[in-house]
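Residue numbers (this note's numbering), protein chains in the order written: chain P, 357 to 782; chain A, 357 to 782. Built from N, CA and C at the ideal position, the CB exists for glycine as well. Since the model is a prediction, treat every value here as computed from it, not as a measurement.
Protein chains: 2
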Amino acid sequence: MKTLNIGLIGFGTIGSGVVKVLEEKKNELQQKTNCEFRIRAIADKDISSPRCVRVSKDVLTKDVHKILDDPEIDVVIELIGGIHPAKEFVINALKNRKDVITANKALLAEEGEELFRIAAESEKEILFEASVCGGIPIIKTLRQNLFADKIESLSGIVNGTSNYVLSKMEENDWEFEEALAQAKREGIAEADASLDTQGLDSRHKIVILARLIFNANIKLEDIFYQGIENIKLEDLRYAREFGYTIKLLAIAKSFKEGTGGVYVYPALISEKHLLSKVRGAFNALSLKGDVVGELFFYGKGAGMLPTASAVVADLGEIVRSPGYQATRLPVKKAKLKIKKIDELEKSYYIRFLAVDQPGVLAAIAKILGEQGVSIGSVVQKERKEKEIVPIVMMTHYAKEKSVQKALAEIDKLPIVKEKLAIRIEE
Amino acid sequence: MKTLNIGLIGFGTIGSGVVKVLEEKKNELQQKTNCEFRIRAIADKDISSPRCVRVSKDVLTKDVHKILDDPEIDVVIELIGGIHPAKEFVINALKNRKDVITANKALLAEEGEELFRIAAESEKEILFEASVCGGIPIIKTLRQNLFADKIESLSGIVNGTSNYVLSKMEENDWEFEEALAQAKREGIAEADASLDTQGLDSRHKIVILARLIFNANIKLEDIFYQGIENIKLEDLRYAREFGYTIKLLAIAKSFKEGTGGVYVYPALISEKHLLSKVRGAFNALSLKGDVVGELFFYGKGAGMLPTASAVVADLGEIVRSPGYQATRLPVKKAKLKIKKIDELEKSYYIRFLAVDQPGVLAAIAKILGEQGVSIGSVVQKERKEKEIVPIVMMTHYAKEKSVQKALAEIDKLPIVKEKLAIRIEE
Numbered sequence: 357m358k359t360l361n362i363g364l365i366g367f368g369t370i371g372s373g374v375v376k377v378l379e380e381k382k383n384e385l386q387q388k389t390n391c392e393f394r395i396r397a398i399a400d401k402d403i404s405s406p407r408c409v410r411v412s413k414d415v416l417t418k419d420v421h422k423i424l425d426d427p428e429i430d431v432v433i434e435l436i437g438g439i440h441p442a443k444e445f446v447i448n449a450l451k452n453r454k455d456v457i458t459a460n461k462a463l464l465a466e467e468g469e470e471l472f473r474i475a476a477e478s479e480k481e482i483l484f485e486a487s488v489c490g491g492i493p494i495i496k497t498l499r500q501n502l503f504a505d506k507i508e509s510l511s512g513i514v515n516g517t518s519n520y521v522l523s524k525m526e527e528n529d530w531e532f533e534e535a536l537a538q539a540k541r542e543g544i545a546e547a548d549a550s551l552d553t554q555g556l557d558s559r560h561k562i563v564i565l566a567r568l569i570f571n572a573n574i575k576l577e578d579i580f581y582q583g584i585e586n587i588k589l590e591d592l593r594y595a596r597e598f599g600y601t602i603k604l605l606a607i608a609k610s611f612k613e614g615t616g617g618v619y620v621y622p623a624l625i626s627e628k629h630l631l632s633k634v635r636g637a638f639n640a641l642s643l644k645g646d647v648v649g650e651l652f653f654y655g656k657g658a659g660m661l662p663t664a665s666a667v668v669a670d671l672g673e674i675v676r677s678p679g680y681q682a683t684r685l686p687v688k689k690a691k692l693k694i695k696k697i698d699e700l701e702k703s704y705y706i707r708f709l710a711v712d713q714p715g716v717l718a719a720i721a722k723i724l725g726e727q728g729v730s731i732g733s734v735v736q737k738e739r740k741e742k743e744i745v746p747i748v749m750m751t752h753y754a755k756e757k758s759v760q761k762a763l764a765e766i767d768k769l770p771i772v773k774e775k776l777a778i779r780i781e782e
Numbered sequence: 357m358k359t360l361n362i363g364l365i366g367f368g369t370i371g372s373g374v375v376k377v378l379e380e381k382k383n384e385l386q387q388k389t390n391c392e393f394r395i396r397a398i399a400d401k402d403i404s405s406p407r408c409v410r411v412s413k414d415v416l417t418k419d420v421h422k423i424l425d426d427p428e429i430d431v432v433i434e435l436i437g438g439i440h441p442a443k444e445f446v447i448n449a450l451k452n453r454k455d456v457i458t459a460n461k462a463l464l465a466e467e468g469e470e471l472f473r474i475a476a477e478s479e480k481e482i483l484f485e486a487s488v489c490g491g492i493p494i495i496k497t498l499r500q501n502l503f504a505d506k507i508e509s510l511s512g513i514v515n516g517t518s519n520y521v522l523s524k525m526e527e528n529d530w531e532f533e534e535a536l537a538q539a540k541r542e543g544i545a546e547a548d549a550s551l552d553t554q555g556l557d558s559r560h561k562i563v564i565l566a567r568l569i570f571n572a573n574i575k576l577e578d579i580f581y582q583g584i585e586n587i588k589l590e591d592l593r594y595a596r597e598f599g600y601t602i603k604l605l606a607i608a609k610s611f612k613e614g615t616g617g618v619y620v621y622p623a624l625i626s627e628k629h630l631l632s633k634v635r636g637a638f639n640a641l642s643l644k645g646d647v648v649g650e651l652f653f654y655g656k657g658a659g660m661l662p663t664a665s666a667v668v669a670d671l672g673e674i675v676r677s678p679g680y681q682a683t684r685l686p687v688k689k690a691k692l693k694i695k696k697i698d699e700l701e702k703s704y705y706i707r708f709l710a711v712d713q714p715g716v717l718a719a720i721a722k723i724l725g726e727q728g729v730s731i732g733s734v735v736q737k738e739r740k741e742k743e744i745v746p747i748v749m750m751t752h753y754a755k756e757k758s759v760q761k762a763l764a765e766i767d768k769l770p771i772v773k774e775k776l777a778i779r780i781e782e
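Dropping the structure here:
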């Protein structure tokens, strides 16, 4: 029987979950692999607060170097989050010839290039199934299971908090703020949820996926992102009338050879698409491979146990394919040109709030027309002369650049008080 | 650069697809693995008909032993289907110390136990991603990606033909026969589609999945199956009124320790469940792991390229984890008691066709009541005295055995002309 000696850095919710799973499943995991998974040390700043699982005091330490410098430890699980000192710990572990498992999406998104280079030099692995979409095994799917395929496009709901907020708005006829407050009460959103609702968390996740999809180094800063704070209940209602719902999407798309698009934005999705059926704090990914065709994955994107499931699956991976596998991540990267958001061509949902007076629609339509943006349909329900009412339109395919130019022009009209454009995904 | 020498047995649609993918993706696959995938020989009874891909004449042979006896060949891909002589070829390949990749679900379902025993003795692998749900990487997910999890339940739409037929009935207001005829015209159903519509193909697939889920030997004969031939358009309509749709499901479920249920039957599924949204010839799997929670997978279950994608992914697996991996399938099997269908407790949709005369409902209800089957709601729309009309009811939770006993009794009533009970899945 082999033994895999594990050092765990970070004994918070996820860390406790990993320990709990390894303890409760000791026999099954051993039987599956003929290997004992032994937690040799757990480092945390706080080693006295009670956790959901009991561990021997000998295992707990405040000194992370008891893990990093221990030659007996084979694999380090990093679960403290954030960039520093997580980055230093990971580098240290790799250089001391330990494999690393991490759930740290921010770290990989911002510093991944350097970390994977050091891993390759050290002939050690960084495994990161838990960093994107928690329990959905999308990393292994992209790295291994879809070996034959080039991924042509991937659209995902990768932030559970935003999806919960949009779902609650739709289900309960709430505005954004009410739904967010509920998410905070239920512990789904943190006190400061801006990373989630502004799309920054989704951006971290899509850059990790996009690097696998394109086998390229992609800079986080090159990824356009936009959040959901400006979406109103009425947008969800109008979308539904047109047969759509609104979801915060993370998108990676292959264009012609050597060009890819990576974006985060809220989008209208047809109610016929499975992504539109994803409610609450769930995650989902819809992708298209050039051989396998369409695939869709759905599951829990966060939480103690789904994340622990991903971390423990990575431990299984290390035992199954021991040693450094040059095959896992090709070291030679492809060159990728990132297509800027304003080079896109899409159809749009546009909502204006404007003073209801003769000529307002004509003025808006004229500006759109001048930019070559053609209107497919218009809805203007409430008519209250001289008051501010919503005007909603769906455009035909148009250039993003033209739409933005038109919107900027329309914004100058004194009768227009507010505007919001949402891209429509086919 | 390593070389993996491949012998392909069966140069039909899937075989041509595999050759096509290996040829078109030669460079990418080589770069990903630092290995050349070389097709050394292709055996088929017919080596003269044109295929979608061109191969050198030197590679083609009618003599399968040019593959099985060639010591240079590392892996044999078996794509001829059926039990004999596929079984003999696979055994021969394993004994000659070649890994085997197969898409042959009937072979694995019926002879898997013996084949996997021989593979273990030969320290060689049988990889079979393509045997279940084509492009959905469910085998790797169960064998590897969900390493931490015990699967508590899995329900799948694993037969595209049946799902296509049910979808067309619903969409076009067709009866079963019309929808099946259309499936045949579109090449989705074979001339004899009975393996699909009677649930036998689903049964082959669920026994393969259930053996992985329970890590147990399960006999094909122990699996209850029921097809969709008796489902009428009106059943789909009534189901919709109650908020359900009807799908042919393959189910594996863990009951208390050591007991599992494995079944194939059509079932009513709530329209809120993602499985209800699966239309046309697609496949989908909904599963629940004790750690990861709920997961859902969707994709193409058949077809040249999705199946080739799975076969080629298995080639990648062989290169990534070369040699015999005792960890892949635990050799020591668990004991599993299979729960018989009549031990189940479920709620039921029941449709009778009965002569509309006073007392008919009372007579039916009396018999159900005597068996302890309690009726939740009844719909009887058409009222044409003395004529045959449908009576539809939804029961509360009841024992399968009691329901079947009641139905047998009701069948004896001269006023009842037809009866159909469909289980409701929660």
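A:ILE513 is a Cβ neighbour of A:ASN639, given a cutoff of 8 Å.
When DSSP assignments are scanned along the stretch 374 to 423 of chain A, the uninterrupted stretches of beta strand (DSSP E) that are 3 or more residues long and fall wholly within it turn out to be 391 to 399. Around A:ASP591, the same chain offers ILE602, TYR705, ARG707, LEU776, ILE778 as residues with beta carbons nearer than 8 Å, after the five sequence neighbours per side are excluded. Contact annotation: A:VAL456 and A:ILE423 have beta-carbon atoms that are not nearer than 8 Å. Within the same chain, and ignoring the five residues on either side of P:VAL772 in sequence, the residues whose Cβ sits closer than 6 Å to its Cβ are PHE708, ALA710, ILE766.
Around the beta carbon of P:PRO493, 16 or more other beta carbons sit within 10 angstroms, so the residue counts as buried. Restricting attention to P:HIS629, P:ALA486, P:ASP548, P:GLY657, the CA atom closest to the CA of P:GLU434 is found in P:ALA486. Following the DSSP letters along the chain, one finds A:SER550 in no beta strand (DSSP E) but inside the alpha helix (DSSP H) bounded by residues 550 to 553. Contact of A:ALA537 with chain P is not assigned, every C-beta pair being separated by 8 Å or more. Between P:TYR753 and the set P:ASP419, P:LEU385, P:LEU510, P:LYS702, the nearest pair of CA atoms involves P:LYS702.
Contact of A:SER487 with chain P by beta-carbon distance below 8 Å is absent, the smallest such distance being about 15 Å.
Using a Cβ-Cβ cut-off of 7 Å, A:ASN501 is close to PRO493, LYS496, ALA669 of chain P, given in chain order. For A:LEU661, the chain P residues whose Cβ falls inside 8 Å of its Cβ are VAL647, VAL648, GLY649, in order along the chain.
Under the Cβ criterion (8 Å, minimum of three pairs), the stretch 555 to 571 of chain A counts as touching the stretch 604 to 611 of chain A. For P:LEU763, the enclosing alpha helix (DSSP H) begins and ends at 756 to 767. Annotation: the continuous beta strand (DSSP E) that includes A:ILE744 extends over 744 to 751. In the structure shown, the three-state DSSP call for A:ASN361 is strand.
The beta carbon of P:VAL446 does not come within 8 Å of any beta carbon belonging to chain A, so the residue lies off that interface. With respect to the C-alpha of A:TYR520, the residue from A:ARG559, A:ARG541, A:ARG396, A:ALA462 having the closest C-alpha is A:ARG541. For A:ALA690, the closest of P:LEU416, P:GLY366, P:GLY371, P:LYS388 by C-alpha to C-alpha distance is P:LYS388. For P:TYR621, no CB of chain A lies under 8 Å from its own CB, so it is not counted at the interface with that chain. Secondary structure at P:ARG473: helix, using DSSP grouped into helix, strand and coil. Collapsing the DSSP output to three states places A:SER733 in a strand.
Put simply, of P:ALA462, P:TYR581, P:LYS755, P:GLY659 the residue whose alpha carbon is nearest the alpha carbon of P:GLY555 is P:TYR581. The alpha-carbon separation between P:LYS443 and P:GLU467 amounts to approximately 8 Å.
With the criterion set as a beta carbon lying under 8 Å from some beta carbon of chain P, the members of the stretch 687 to 700 of chain A are LYS688, in sequence order.
From the beta-carbon of P:TYR600, no residue of chain A is found nearer than 9 Å; the closest lies around 16 Å away.
DSSP places A:GLU673 in the uninterrupted alpha helix (DSSP H) bounded by 660 to 676. Collapsing the DSSP output to three states places P:VAL716 in a helix.
Put simply, the CB of A:SER610 is far from chain P, with every gap to its CB atoms at 8 Å or more.
P:LEU769 and P:ALA595 have their C-alpha atoms some 25 Å from each other. Residues of chain P with a Cβ closer than 8 Å to the Cβ of A:GLY583 do not exist, since the nearest Cβ in that chain sits about 26 Å away. By alpha-carbon distance to P:PHE484, the top candidate from P:GLU380, P:LEU671, P:PHE445, P:GLU526 is P:LEU671.
Closest option to A:ALA476, judged by alpha-carbon separation, among A:GLY728, A:LYS688, A:ALA718, A:GLY732: A:LYS688. Contact of P:ARG394 with chain A by beta-carbon distance below 8 Å is absent, the smallest such distance being about 16 Å.
Rounded to whole angstroms, the separation of the alpha carbons of P:LEU522 and P:ALA462 is 24 Å.
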